[in-house]
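I have placed the structure first, in the form of structure tokens, so that the comments after it can refer back to it.
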Amino acid sequence: MGTVTELNHPLVQHHLTHLRDSRTSPHIFRAQVRRLAILLAEQVCRDLPLKTKQIETPLEPMDGKVLSSRIGLVPILRAGLGMTDALLDLLPTAEVWHLGFYRDEETLQPVEYYQKFSSSPPDVVFVLDPMLATGGSASESINMIKKWGASDIRMLSIIAAPEGIARVRKKHPDVPIFVCGIDRGLNNAAYILPGLGDAGDRIFNTL
Ligand code: URA
5 MGTVTELNHP LVQHHLTHLR DSRTSPHIFR AQVRRLAILL AEQVCRDLPL KTKQIETPLE
65 PMDGKVLSSR IGLVPILRAG LGMTDALLDL LPTAEVWHLG FYRDEETLQP VEYYQKFSSS
125 PPDVVFVLDP MLATGGSASE SINMIKKWGA SDIRMLSIIA APEGIARVRK KHPDVPIFVC
185 GIDRGLNNAA YILPGLGDAG DRIFNTL
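Take the sequence shown: its position 87, counting from 1, is numbered 91 in this note's numbering, and each next residue is one higher.
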């Protein structure tokens, strides 16, 4: 089974609480998503390989270290976009490839409406979706990313339901999952409880 890393850090608890609060305004909500995405990035990048780069400081030459992988970010539209800039701040040369799903409100199944991938996949792909609820769109996205040819795929979510984690782990045991918090479960409409409501609506102020 794939690993699940739940960040256990006072900063995560602090920012997650402000994120969840229904009184948090859209612009603060976006800032909180960014902060939590940065904390996730710190964890998910821990084992990325480095190569030597010779540079000169103002005082002398030295062998520095820089990331050696081609890194791809795949935000799942639309809420995943809220995490993208934070990751790009830390990984400015990462490629961003988009996947769009909407949820069929009757079947609650994900329906793909947008995909754009290059001809060759990056060395490592970070799938960005703040809410890992049923795990349907995450699993479908990972299927598509595997068909693209990527083998090192990592899932980043801010809040996950146990149901979503179980589904991704069952269908994709090779994909590690990084989350800020794991909540109680899903309601009948597949919203995470206690969760934070609809992340896309809160990011884009479309409530
Ligand atoms: N997507 C959301 O934005 N919120 C949930 O609770 C579940 C899925």
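We put the beta carbon where it would ideally sit given N, CA and C, even for glycine.
The ligand URA and P4: does the residue's C-beta get closer than 8 Å to at least one heavy atom of that ligand? The requested residue 4 does not occur in the structure, where the chain is confined to residues 5 to 211.
Is Y195 near the ligand URA - that is, is its Cβ less than 8 Å away from at least one heavy atom of it? As a working mapping, residue 195 is identified with position 191 in the sequence shown. Y195: yes, Cβ under 8 Å from the ligand URA.
Cβ of G201 within 8 Å of any heavy atom in the ligand URA? For this step, residue 201 is matched to residue 197 along the sequence shown. For the ligand URA, at least one heavy atom lies less than 8 Å from the Cβ of G201.
Whole angstroms are fine: how far does the CA of E64 sit from the CA of F33? Here the question's residue 33 lines up with position 29 in the sequence shown. Here the question's residue 64 lines up with position 60 in the sequence shown. Taking the straight line joining both Cα atoms gives about 45 Å.
Is A41 near the ligand URA - that is, is its Cβ less than 8 Å away from at least one heavy atom of it? As a working note, residue 41 is residue 37 in the sequence shown. A41: no, Cβ never under 8 Å from the ligand URA.
Alpha carbon to alpha carbon, how far is N209 from D127? Give it in angstroms, no decimals. Residue numbering aside, residue 127 sits at position 123 when the sequence shown is read from its first letter. Residue numbering aside, residue 209 sits at position 205 when the sequence shown is read from its first letter. Note on geometry: alpha-carbon atoms of D127 and N209 lie some 35 Å from one another.
From the DSSP secondary-structure annotation, give me the bridge partner or partners of I80. Counted from its first residue, the sequence shown places residue 80 at position 76. Note: I80 sits in a beta bridge opposite L103.
Rounded to the nearest angstrom, what separates R74 and D156 at their Cα positions? Here residue 74 is taken as the residue at index 70 of the sequence shown, counted from 1. Here residue 156 is taken as the residue at index 152 of the sequence shown, counted from 1. So the two alpha carbons sit approximately 11 Å from each other.
Would you identify the three-state DSSP class for D211, choosing helix, strand or coil? Position 207 of the sequence shown holds residue 211. A small fix is needed here, since residue 211 is Leu in this sequence, not Asp. DSSP places L211 in coil when its eight states are reduced to three.
Those runs of the beta strand (DSSP E) which lie wholly inside the region 148 to 208 and span at least 3 residues: 156 to 164 and 181 to 186
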